[in-house]
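Enquirer: Dropping the structure in here first, questions after.
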Amino acid sequence: MSAKKLNLKDKYRLLTRDLDWEYSYVDRKKAFPYEEFEGIKITDWSKWEDPFRLTMDAYWKYQAEKEKKLYAIFDAFAQNNGHLNVTDARYVNAIKIFLTGVSPLEYQAYQGYAHVGRQFGGAGARVACQMQSIDELRHVQTQIHAMSHYNKYFDGFQDWTHMHDRVWYLSVPKSFFDDARSAGPFEFLIAISFSFEYVLTNLLFVPFMSGAAHNGDMATCTFGFSAQSDEARHMTLGLEIIKFLLEQHEDNVPIVQKWIDKWFWRGTRLLSIVAMMMDYMLPNKVMSWKEAWEVYFEEAGGALFKDLARYGIRMPKFVEVTEKEKEHVSHQAWWIFYNYGHAAGFHTWIPSDEELDWLSEKYPDTFDKYYRPRWELAKKMEAEGKRFYSQALPQLCTTCQIPMGFTKMDDPTQIAYRSSDYEGEKYHFCSDGCKHIFDEEPEKYVQSWLPVHQIYQGNCGGASVEEVLRDYYKLNLGADNLDIKGSPDEQRWKEWKGVA
Amino acid sequence: MSVRAITPDYKVQARDRVENFHGNQIVYVAWDRHLMFCAPFAYALPPTMTFAELRDQVMPEAFGLHEEFSKINWEKATWLLDNQPFTPDLNQSLHAQGVGHKSVLRFQTPELTGFQGKAV
Amino acid sequence: MSKVYIALQDNDESRYIIEAIEQDNPDATVIHHPAMIRIENENSLVVKRETVEEKMGRDWDVQELHLNLITLGGNVDEDDDQLSLSWNV
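Residue numbers (the numbering used here), protein chains in the order written: chain A, 1 to 500; chain B, 1001 to 1120; chain C, 2001 to 2089.
In structure tokens, the structure reads:
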């Protein structure tokens, strides 16, 4: 007699319920020491449900298929000299930011989920975290493989893990994940699974990857969408986690809300780098950052928060600020990098006249008024042979670690200054959101490893900025940094394309 | 508010205490409504430095890239120190006139309106 | 009213899946972007195994959807016969 084939629900139940066991000789609290200190109350782990009901056998089967498809495309991309098919050598700089800024976060996510997966008392949560941990490891591996092709032909790809740990602007993504991983396991899930994966990563992986396709970068588009097929699962998990926590105990609601407020703001600040990648670094445009924000946050996030209202969850704090910021952040962020292009591991440039017009069209209320004049100045100075780079280090926000380049949203010609005093020290912030996060947990952010202060403390080698860049960051000066104009990247590109 | 930590009485020292800067203190300086410079500048300066030394020897290297910098009439420029109106004493040290570690100094030059009059 | 959505890679398999979704959700809107197709609908959307199998002319496991899935929005429920997305409004 052959056994009856199990359906999806039965298989999932067997995996996540019947694999668990009772603790007969170990105190459960000692086995899961991180489960209570955040104040989250779990009354019944068996209520945890993965709506996809993915079991390990199915997981391996479909992940293997995804990998086969993906690597077939990488092979084709390399065999066809895919790097020659991208729209422009400028485009590749967005991929440099991706490899140094985003791929290491995938690795952090892999470690983070492996850690928290161990800490949960429920088998369903453990299985979900295990799968996500393996997914994230797959993402970092596929990204390295995809981008290794570019490393053969362009500068700035050679030392990305080293750069991630040290280079000033990469402390923005690095500190974001360090913050999440040094939190308790439930906050980590709200930070990464919910706020980041559900609410915000679409903005990175969907319009930007569609943009990669639109710029002839088949490899990036493919790893992006392949990773995103896992993200769709992670997002779904993020939503289930939040519903699970809110349904377990009413005391969880204010704690979860506080984390949503914090991680939404942390995420929007991190994404200001993606905003500039979309508006300034893709030669062929798909949609503006503002449009992407409207579709993937305002519309999709709006629907989500309406759905969560029944639990007493409201929209994240400072969401009204982002409604104004979507008109400004990409321009302010790219200007920061244009100012400090000598200290970046990728190239910067002035947008072409057509691109300036596109920006005017997409940002009719702000671009001509506030940002075109900056580029007119840059053009004038460049034409005079004086392409300028800022000659002193910038002040950084203590929380997000981005240079204090964001303006007041109601007065966009004035930098926004916020500060707090804590135990006799002054701390500075770019926004109410970053100040609020500090004020909630000052013990955490007084430890911020702010690259500018670290240089001044003598912890980054050399006495001069040049020595820091060359010896401590390991940038190949004159090749990795500075304007795209006159760079070896540009030179090679012109030779390949047969233009003088 | 304070952090919820698994370690009882979680306490750490601030990473950017003044004693970590080898005798210097950090001072941030910004020229309001001149956004050619994307952000305020951060300087590590001896607290004994006079205001004149800061203004005339330290600041010109970075701020001097702006074509209006040489046109500033310092008699008319106004200052904010940590968000409060401030009249610098050129001959006194930073420390003596309350410019402390991680203070923010901002100056305004209303007659100079930036590139194209657009606060750039 | 809130919209649920699903986005799939633009490829041969997805074309059949999208045909099936259009048939089972006549009010859904299909939007083409470079390399991806996004389908959105007010409040709910369903992908039915039976319809996809009919379009493809072969057996199709609902979990195969993961191979071409890019993103989705809404509460998910999946079993052997369908995947559904919905908002509780």
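Where is the CB? At the ideal position from N, CA and C, for every residue including glycine.
On a predicted model such as this, the values are computed, not experimentally measured, just so you know.
Any beta carbon from chain A within less than 8 Å of Val1003 of chain B's own beta carbon?
Expert: Taking the second sequence and counting its residues from 1, the one referred to as residue 1003 of chain B is at position 3. Closer than 8 Å to some Cβ of chain A, the Cβ of Val1003 of chain B qualifies, so yes.
Enquirer: Need the endpoints of the alpha helix (DSSP H) that Thr525 of chain A sits in, please.
Expert: With chain A covering 1 to 500 only, the question about residue 525 of chain A has no answer from this structure.
Enquirer: Within 8 Å of any Cβ in chain A, is that where the Cβ of Met2025 of chain C sits?
Expert: The residue given as residue 2025 of chain C occupies position 25 in the third sequence. Rather than Met, the amino acid found at residue 2025 of chain C in this sequence is Asn. No, because no Cβ of chain A sits closer than 8 Å to the Cβ of Asn2025 of chain C.
Enquirer: For Arg138 of chain A and Arg492 of chain A, I'd like the C-alpha separation in whole angstroms.
Expert: Here residue 138 of chain A refers to the residue found at position 138 of the first sequence. Here residue 492 of chain A refers to the residue found at position 492 of the first sequence. Spanning the two alpha carbons is a distance of roughly 32 Å.
Enquirer: Three or more C-beta pairs under 8 Å: does that hold for the stretch 89-98 of chain A against the stretch 208-227 of chain A?
Expert: Yes, since at least three Cβ pairs between the stretch 89-98 of chain A and the stretch 208-227 of chain A fall closer than 8 Å, the two stretches touch.
Enquirer: Can you give the beta carbon distance from Leu99 of chain A to Phe176 of chain A, rounded, assuming they're within the 8 Å contact cut?
Expert: Locating residue 99 of chain A in the first sequence gives position 99, counting from the first residue. Locating residue 176 of chain A in the first sequence gives position 176, counting from the first residue. So it is not a contact: roughly 17 Å between Cβ atoms.
Enquirer: Give a yes or no on whether the minimum CB-CB distance between Ser390 of chain A and chain B is below 8 Å.
Expert: By one-based count along the first sequence, residue 390 of chain A stands at place 390. Yes, Ser390 of chain A counts as interfacial toward chain B.
Enquirer: Please say whether Leu1090 of chain B and Val1029 of chain B have beta carbons closer to each other than 8 Å?
Expert: Start at 1 with the first residue of the second sequence, and residue 1029 of chain B comes out as number 29. Start at 1 with the first residue of the second sequence, and residue 1090 of chain B comes out as number 90. Taking 8 Å as the Cβ cut-off, Val1029 of chain B and Leu1090 of chain B do not qualify as a contacting pair.
Enquirer: Output needed in chain order: residues of the stretch 336-348 of chain A with a Cβ under 7 Å from some Cβ in chain B.
Expert: Under the 7 Å Cβ criterion, the stretch 336-348 of chain A contributes Ile336, Asn339.
Enquirer: Rounded to a whole number of angstroms, what is the C-alpha to C-alpha distance between Phe37 of chain A and Gly267 of chain A?
Expert: Taking the first residue of the first sequence as position 1, residue 37 of chain A is located at position 37. Taking the first residue of the first sequence as position 1, residue 267 of chain A is located at position 267. So the alpha carbons of these two residues sit roughly 24 Å apart.
Enquirer: Do you know whose CA, among A:Val206, A:His331, A:Tyr113, lies nearest Gln2009 of chain C's CA?
Expert: Looking up residue 2009 of chain C in the third sequence gives position 9. Checked all of A:Val206, A:His331, A:Tyr113; the closest Cα to Gln2009 of chain C is A:Val206.
Enquirer: Looking at Ala275 of chain A: is its Cβ nearer than 8 Å to the Cβ of Trp265 of chain A?
Expert: Position 275 of the first sequence, counted from the first residue, corresponds to residue 275 of chain A. Position 265 of the first sequence, counted from the first residue, corresponds to residue 265 of chain A. Going by C-beta atoms, Ala275 of chain A is not nearer than 8 Å to Trp265 of chain A.
Enquirer: At the level of alpha carbons, what is the spacing between Pro373 of chain A and Ala463 of chain A?
Expert: Position 373 of the first sequence, counting from 1, holds the residue named residue 373 of chain A. Position 463 of the first sequence, counting from 1, holds the residue named residue 463 of chain A. If you take the alpha carbons of Pro373 of chain A and Ala463 of chain A, they lie about 35 Å apart.
Enquirer: Starting from Val321 of chain A, find everything on chain C with Cβ-Cβ shorter than 8 Å and list it in chain order.
Expert: To locate residue 321 of chain A, count along the first sequence from 1; it is residue 321. Under the 8 Å cutoff, chain C gives no residues; its nearest Cβ is about 23 Å from Val321 of chain A.
Enquirer: Excluding the 5 residues preceding and the 5 following Arg387 of chain A in the sequence, name in chain order all residues of the same chain whose CB lies nearer than 7 Å to its CB.
Expert: As a first step, residue 387 of chain A must be located in the first sequence, where it is residue number 387. So the qualifying residues of the chain are Met381, Asp483.
Enquirer: Does the beta-carbon of Gly122 of chain A have 16 or more other beta-carbons within 10 angstroms, so that it is buried, or is it exposed?
Expert: By 1-based counting over the first sequence, the position of residue 122 of chain A is 122. Burial call: buried.
Enquirer: Return the residues of the stretch 446-477 of chain A that lie within a Cβ-Cβ distance of less than 8 Å from chain B, sorted by chain order.
Expert: For the stretch 446-477 of chain A, which is checked against every Cβ of chain B, the residues closer than 8 Å are Val446, Gln447, Ser448, Trp449, Leu450, Val452, His453, Tyr456, Gln457, Gly458.
Enquirer: Give the straight-line distance between the Cα atoms of Lys444 of chain A and Val253 of chain A, rounded to the nearest whole angstrom.
Expert: Numbered from 1 along the first sequence, position 444 holds the residue referred to as residue 444 of chain A. Numbered from 1 along the first sequence, position 253 holds the residue referred to as residue 253 of chain A. Computed Cα separation, rounded: 23 Å.
Enquirer: In or out: Pro70 of chain A buried (at least 16 other Cβ within 10 Å) or exposed?
Expert: On the first sequence, residue 70 of chain A is found 70 positions in, with the first residue counted as 1. For clarity, residue 70 of chain A is Leu in the given sequence; the question names Pro instead. Buried, since its Cβ has 16 or more Cβ neighbours within 10 Å.
Enquirer: What first and last residue would you give for the beta strand (DSSP E) that runs through Tyr422 of chain A?
Expert: Within the first sequence, numbered from 1, the residue matching residue 422 of chain A stands at position 422. It spans 418-422 - the beta strand (DSSP E) in which Tyr422 of chain A sits, taken as one unbroken run.
Enquirer: Output the boundary residues of the alpha helix (DSSP H) element that contains Gln1092 of chain B.
Expert: Position 92 of the second sequence, counted from the start, is the residue given in the question as residue 1092 of chain B. First-last for Gln1092 of chain B: undefined, no H or E at that position.
Enquirer: For Thr43 of chain A, is the classification buried or exposed, using 16 other Cβ atoms within 10 angstroms of its Cβ as the cut-off for buried?
Expert: The residue given as residue 43 of chain A occupies position 43 in the first sequence. Looking at its Cβ environment, which holds fewer than 16 other Cβ atoms inside 10 Å, Thr43 of chain A is exposed.
Enquirer: Got a sec: which bits of the stretch 1052-1075 of chain B sit with their beta carbon under 7 Å from any beta carbon on chain A, in order along the chain?
Expert: Going along the stretch 1052-1075 of chain B in chain order, one finds Glu1061, Ala1062, Leu1065 with a Cβ nearer than 7 Å to chain A.
Enquirer: Using 8 Å as the threshold, is the C-beta distance between Ala1062 of chain B and Ile336 of chain A below it?
Expert: Counted from its first residue, the second sequence places residue 1062 of chain B at position 62. Counted from its first residue, the first sequence places residue 336 of chain A at position 336. Contact flag unset, no.
Enquirer: Can you tell me whether Arg269 of chain A is helix, strand or coil according to DSSP?
Expert: By one-based count along the first sequence, residue 269 of chain A stands at place 269. In this structure, Arg269 of chain A counts as helix in the three-state DSSP scheme.
Enquirer: Please state if the CB of Ile1026 of chain B and the CB of Ala1014 of chain B are separated by a distance shorter than 8 Å.
Expert: Within the second sequence, residue 1014 of chain B is the residue found at index 14, counting from 1. Within the second sequence, residue 1026 of chain B is the residue found at index 26, counting from 1. Contact: no.
Enquirer: Can you give me the start and stop residues for the beta strand (DSSP E) that His2033 of chain C sits inside?
Expert: Position 33 of the third sequence, counting from 1, holds the residue named residue 2033 of chain C. Where His2033 of chain C is concerned, the enclosing beta strand (DSSP E) stretches over 2029-2033.
Enquirer: With a cut-off of 8 Å on the beta carbons, I'd call Val86 of chain A and Gly216 of chain A a contact; round off their distance for me.
Expert: As a first step, residue 86 of chain A must be located in the first sequence, where it is residue number 86. As a first step, residue 216 of chain A must be located in the first sequence, where it is residue number 216. Going by Cβ atoms, the distance from Val86 of chain A to Gly216 of chain A rounds to 5 Å, so yes, they are a contact pair.
Enquirer: Are there 16 or more other CB atoms within 10 angstroms of the CB of Asp353 of chain A, so buried, or fewer, so exposed?
Expert: Stepping through the first sequence from its first residue, residue 353 of chain A is reached at position 353. Counting Cβ neighbours within 10 Å, Asp353 of chain A comes out exposed, since fewer than 16 surround it.
Enquirer: If we require 4 or more residues per run, which alpha helix (DSSP H) segments fall completely within the stretch 296-328 of chain A?
Expert: 300-308, 319-325, all fully within the stretch 296-328 of chain A.
Enquirer: Could you name the residues of chain A that Leu2079 of chain C contacts, counting a contact when the two beta carbons are closer than 9 Å?
Expert: The sequence position of residue 2079 of chain C within the third sequence is 79, counting from 1. The identity of residue 2079 of chain C in the sequence shown is Asp, whereas the question assumes Leu. Under the 9 Å cutoff, chain A gives Asn7, Leu8, Lys9, Arg53.
Enquirer: Between the Cα of Arg166 of chain A and those of A:His347, A:Trp334, A:Gly101, spot the shortest distance and give me the residue it belongs to.
Expert: To locate residue 166 of chain A, count along the first sequence from 1; it is residue 166. Checking every option, the nearest Cα to that of Arg166 of chain A belongs to A:Gly101.
Enquirer: Would you say Leu15 of chain A and Val116 of chain A are within 8 Å of each other, going by their C-beta atoms?
Expert: One-based indexing of the first sequence puts residue 15 of chain A at position 15. One-based indexing of the first sequence puts residue 116 of chain A at position 116. No. Outside cutoff.
Enquirer: Is any beta-carbon of chain C found at less than 8 Å from that of Asn202 of chain A?
Expert: Stepping through the first sequence from its first residue, residue 202 of chain A is reached at position 202. At least one chain C Cβ lies under 8 Å of Asn202 of chain A.
Enquirer: Would you list the residues sitting across from Asp483 of chain A in a DSSP beta bridge?
Expert: On the first sequence, position 483 is the one that residue 483 of chain A refers to. Bridge partners of Asp483 of chain A: A:Thr348.
Enquirer: Touching or not, the stretch 419-429 of chain A and the stretch 341-350 of chain A, by the rule of three or more beta carbon pairs under 8 Å?
Expert: Too few Cβ pairs lie closer than 8 Å, so no.
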